[in-house]
Ligand code: FAD
Ligand code: NA7
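In the working numbering, the protein residues as written are 6 to 474.
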C-alpha cells in the first residue's frame, strides 16, 4: 500500500531514534520554538523505545519481532570518556540533574540525560516505534524518496514519500567477525562484542579478546573488574599500550587455534575458556540501494559526505553520526542543526564540484593524522566548521579538546582509575563531583545507586538515631 499526500509542506523522514535521530528532532523543535515554520517530520525506530545504543537490551540475536538486535551495550558500561566532552550545549547536566555529578556516569544515567531534553518537548509524538525501514527508492521524476516500512507490531508493510531522508541508524551494530583457523573446534564460547551483555559469566575464566580499540579495552577491563582470572588482548596493528594491571596483558595477533590453545604471531601459546571478538563493526544499510549506500570503514571522515553529513551525489540524503567518534552527542547536534537548516532552505548548498573540493580537503587532512591527539584536534576542527554554519549554541571546542587529551593521558597512566577523575563543564562552568565510590569498587551501575548521596546517608543516620532504643 502506498500513502500519497496532497500537501505542499515538505516532508522529512528520519530513520533511527538514537542520539543522532533525536538530535535531528530536537533541531526542528528548536526552530519551531523560535517561531519558524518547519517541515512535517516523521522518525521511524525499529525498537520499542528511543535512545539507540543507550536503550539497553538484554536480548542478543533477534528481537521479539525477529529483527536483528541493534544494541551492543552491556551491563556495567560506564561512559568511556568524560561526560563534559559530550554535553549538549542547549541542555546541560546541571539543568537535568539539578546538582553536580561525576564525570563518568554509567549507561542508565546518560540514558536519563538524553531523555531529559526530549521529554521537555513532546518529541515522542514524532516517532513511530516498532517500525523498520525496509527499502528506499528515489524517484527521479517526483524527486522524492519512497520508503518502504514494516510496522512490526501489526505485521504490516507500507510506503511513504519524503522530500528529505535522514539516515541516523548508527554504525556500531553489525559485527565485523573475522575467521581464525581452528576456531570452529574451540570448545568454549566464541562471541562478538555486539553480543556481550556483561562480564559476570567470565568470573574465574581465562579470556582471550581480539582487537585493540575501545571495545577491547573496555570489555577487557570490565572482565578484569568482575573477576576474570586473566585477560589477554591480541592486537593486529598496534597494541593499546597502556600501563596494564596484573591480570591483563597484550600479545600480537592470534594465528590459529588447536582446540582451546591459541597460537600467536610471536610463537607463544596459551589456553583459554572463552574468546570475545572486539573487532569492530560494519557500516550496514540493508534498506538503501547500492548507489545511495555509504560505503566506508570506521574513520573520522567517511568519503562522499559533504560536511560529514550530505551525500554528495544527492544531498537530500543526509547521514548523521557516521564518523568514528571522540565527540558524540554534541557532534550529532552540530550535524543535525546544519542538516535542519538545509532542509528549511536556510543553508545554501554549494555546487557538487565545490562540495567535492571541500570533502577532499578534509580527506587529505585526515590522511595526515598520526597520533590520538591529532585525531582529537581533527574532529574538533570539524565541529568548529559546523558550528560556524548554524545557530547551534556555541561551546568551547578547544577546551573540550584539552579534556580529551587529559582523558587519553589518564588512561595511559592508569586504566583502572581514569574514571575517578573529574572535569569542568564548558557549558555551565560546573566542576564535576567525585563519585561516592571508586570505579573499581563500584559493582552497581544503577541510576539509583549512582545518584545516591551522602546527605541521604546522613538523613538515614538521623532517622536511625531517632528510633527508640
Ligand atoms: P545508535 O545509538 O546506534 O542509534 C541508531 C538507531 O537507529 C537505533 O535506535 C536503531 O534501532 C535504529 N535503527 C537502525 N536501523 C533501523 C531501521 N532500518 N529502521 C528503523 N530504525 C533503525 N558514546 C559515548 O559518547 N560514550 C560512551 O561511553 C559510548 N560507549 C559506547 C559503547 C558501545 C558498546 C557502543 C557500541 C557505542 C558507544 N558509544 C559511546 C557510541 C554510541 O554509538 C553513540 O553514543 C551513539 O549511541 C550513536 O548514536 P546514533 O543515533 O548515531 O546511533
Ligand atoms: P573499532 O574502534 O572500529 O576497532 C576495531 C578493532 O578491531 C581495531 O583494533 C582493529 O584492529 C580490530 N580488528 C578489526 N578486524 C580485525 C581482524 N581481522 N583481526 C584482528 N583485529 C581486527 O571498534 P570498537 O568496537 O573497538 O569501538 C566501536 C565503538 O564501540 C566505539 O565508539 C566505542 O565507544 C564502543 P586494527 O587497529 O584495525 O588493526
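Each residue gets a CB set at the ideal place from its N, CA and C atoms; glycine is no exception.
At least one heavy atom of ligand 1 sits closer than 7 Å to the Cβ of residue 85. Boundaries of the alpha helix (DSSP H) harbouring residue 336: 334-348, taken from the DSSP string. Pairing residue 108 with residue 426 gives a Cβ-Cβ distance under 8 Å. Boundaries of the alpha helix (DSSP H) harbouring residue 408: 402-418, taken from the DSSP string. Burial check for residue 432: the Cβ neighbour count within 10 Å reaches 16 or more, so the residue is buried. Within the DSSP bridge table, the entry for residue 83 names 111 as partners. Of the other Cβ atoms in all chains shown, fewer than 16 fall within 10 Å of the Cβ of residue 369; this residue is therefore exposed. Taking 7 Å as the cut-off, one finds at least one heavy atom of ligand 2 near enough to the beta carbon of residue 284.
By the Cβ-count criterion, residue 436 is exposed, with fewer than 16 other Cβ atoms from all chains shown falling within 10 Å of its own Cβ. Residue pairing by DSSP puts residue 166 in a beta bridge opposite 151. Counted as a single uninterrupted DSSP element, the beta strand (DSSP E) harbouring residue 140 occupies residues 136-144.
Excluding sequence positions up to five before and after residue 307, its CB lies within less than 7 Å of the CB of 299, 301, 327 and 328, all in the same chain and listed in chain order. Counting only runs of at least 4 residues, the stretch 201-246 fully encloses the following alpha helix (DSSP H) elements, listed from N- to C-terminal order: 219-230. Below 8 Å, enough C-beta pairs join the stretch 162-170 and the stretch 137-152 to call them touching: three or more. For residue 381, no beta strand (DSSP E) encloses it; the enclosing alpha helix (DSSP H) starts and ends at 377-392. Burial check for residue 338: the Cβ neighbour count within 10 Å reaches 16 or more, so the residue is buried. Judged by DSSP in its simplified three-state form, residue 93 adopts strand. Here residue 61 is near residue 76, since their CB atoms are less than 8 Å apart. Taking 8 Å as the cut-off, the beta carbon of residue 170 is found no closer than this to the beta carbon of residue 364. In the structure shown, residue 452 falls within a helical segment according to DSSP collapsed to helix, strand and coil. Distance check between residue 67 and each of 392, 29 and 157 places 157 closest, using alpha-carbon atoms only. Ranked by how close their Cα comes to the Cα of residue 442, the residues 188, 33 and 110 have 110 in first place. At least one heavy atom of ligand 2 falls within 7 Å of the beta-carbon of residue 330.
For residue 262, the enclosing beta strand (DSSP E) has its first and last residue at 259-263. By a beta-carbon distance limit of 8 Å, residue 279 does not contact residue 245. Their separation comes to about 20 Å. Remark: C-beta atoms of residue 194 and residue 81 do not approach each other more closely than 8 Å. When C-beta atoms of the stretch 168-182 are compared with those of the stretch 252-261, fewer than three pairs fall below 8 Å, so the two segments do not count as touching. DSSP, read as helix, strand or coil, puts residue 102 in helix. Beyond the five residues adjoining it in sequence on each side, residue 336 comes within less than 6 Å, by CB distance, of 388 in the same chain, given in chain order. The Cβ-Cβ distance between residue 260 and residue 215 does not fall below 8 Å. Taking the Cβ atoms as the reference, residue 236 lies roughly 5 Å from residue 212, within the contact range of under 8 Å.
By the criterion of a C-beta distance shorter than 8 Å, residue 371 is surrounded in its chain by 304, 305, 306 and 383, once the five residues flanking it on both sides are discounted. Between ligand 1 and the CB of residue 230, the shortest heavy atom gap is not smaller than 7 Å. Contact between residue 84 and residue 115 holds: CB atoms are separated by about 6 Å, below the 8 Å threshold. Less than 8 Å separates the beta-carbon of residue 30 from that of residue 131.
In terms of side-chain proximity, the C-beta atom of residue 108 is found no nearer than 7 Å to any non-hydrogen atom of ligand 1.
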